[in-house]
Every structure is written in C-alpha cells, then in structure tokens.
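Note sheet for the following structure.
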Amino acid sequence: MDGTLRPLVDELSRITGEVETERAAADRAVIEHLQHEVAALRRAVAHLRISHQPVPESLRPVVARAMVEAAGLAEAG
Numbered sequence: 002m003d004g005t006l007r008p009l010v011d012e013l014s015r016i017t018g019e020v021e022t023e024r025a026a027a028d029r030a031v032i033e034h035l036q037h038e039v040a041a042l043r044r045a046v047a048h049l050r051i052s053h054q055p056v057p058e059s060l061r062p063v064v065a066r067a068m069v070e071a072a073g074l075a076e077a078g
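Residue numbers (this note's numbering): 2 to 78.
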C-alpha cells in the first residue's frame with residue numbers, strides 16, 4: 002500500500018472500530034433492557050397463574066407496556 006495512504010487507512014480503521022464498539026454497547030444495553038422486561042413479564046404471568054390477587058404494583062408498568070404494544074400490533078395487523 003502506498004505510504005501516503007497508510008495514515009488515512011489507519012484513521013478510518015480507528016473510527017470504524019469506535020463506531021462498532023459504540024453500536025455493540027448500545028445493542029448490549031437494549032438486550033439487557035429486554036431481558037429485564039421479559040423477566041418481569043414472566044413474574045407477572047407466574048403471579049397471575051398462582052394467585053387471584055391483582056398484579057403487584059412493581060410489575061404493573063411492564064404489564065401496561067406489554068398491553069399497549071399488543072394493542073398497537075392488533076391495530077396495525
């Protein structure tokens with residue numbers, strides 16, 4: 002490779018690496034959030050299966066988000 006292009010190629014590689022690292026970190030954050038949502042929904046379902054009590058207050062936000070999303074999917078479908 003031409004020696005004059007080496008610094009440009011090196012800089013592009015560095016920038017690309019940083020962008021990929023940022024994307025990977027963002028993807029990991031989304032995955033972690035979704036794992037928490039799924040775990041909370043599983044707890045809510047388990048609660049509803051074994052109890053006649055209302056969903057605990059701590060789980061109500063995740064159940065509400067799931068219901069809103071399901072309603073949106075029903076309208077779109």
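Even glycine gets a Cβ: it sits at the ideal position worked out from N, Cα and C.
How would you label Val20, buried or exposed, when you count the other beta carbons within 10 angstroms and need 16 or more for buried?
-> As a first step, residue 20 is located in the sequence shown; it is residue number 19 there, counting from the start. So Val20 counts as exposed.
Using the Cα positions of Glu76 and Val46, report the straight-line distance between them to the nearest angstrom.
-> Within the sequence shown, numbered from 1, the residue matching residue 76 stands at position 75. Within the sequence shown, numbered from 1, the residue matching residue 46 stands at position 45. Cα-Cα distance, rounded: 24 Å.
For Val56, name the three-state secondary structure that DSSP assigns.
-> Counting from one through the sequence shown, the residue named residue 56 turns up at place 55. Three-state DSSP puts Val56 in coil, outside helix and strand.
Coarse secondary structure for Thr22, derived from DSSP in three states | Indexing the sequence shown from 1 puts residue 22 at position 21. Correct three-state label for Thr22: helix.
Count the other CB atoms, across all protein chains shown, that sit within 10 Å of the CB of Val39; report buried if there are 16 or more and exposed otherwise.
-> The residue labelled residue 39 in the question sits at position 38 within the sequence shown. If you draw a 10 Å sphere on the C-beta of Val39, you find fewer than 16 other C-beta atoms in it, and that means exposed.
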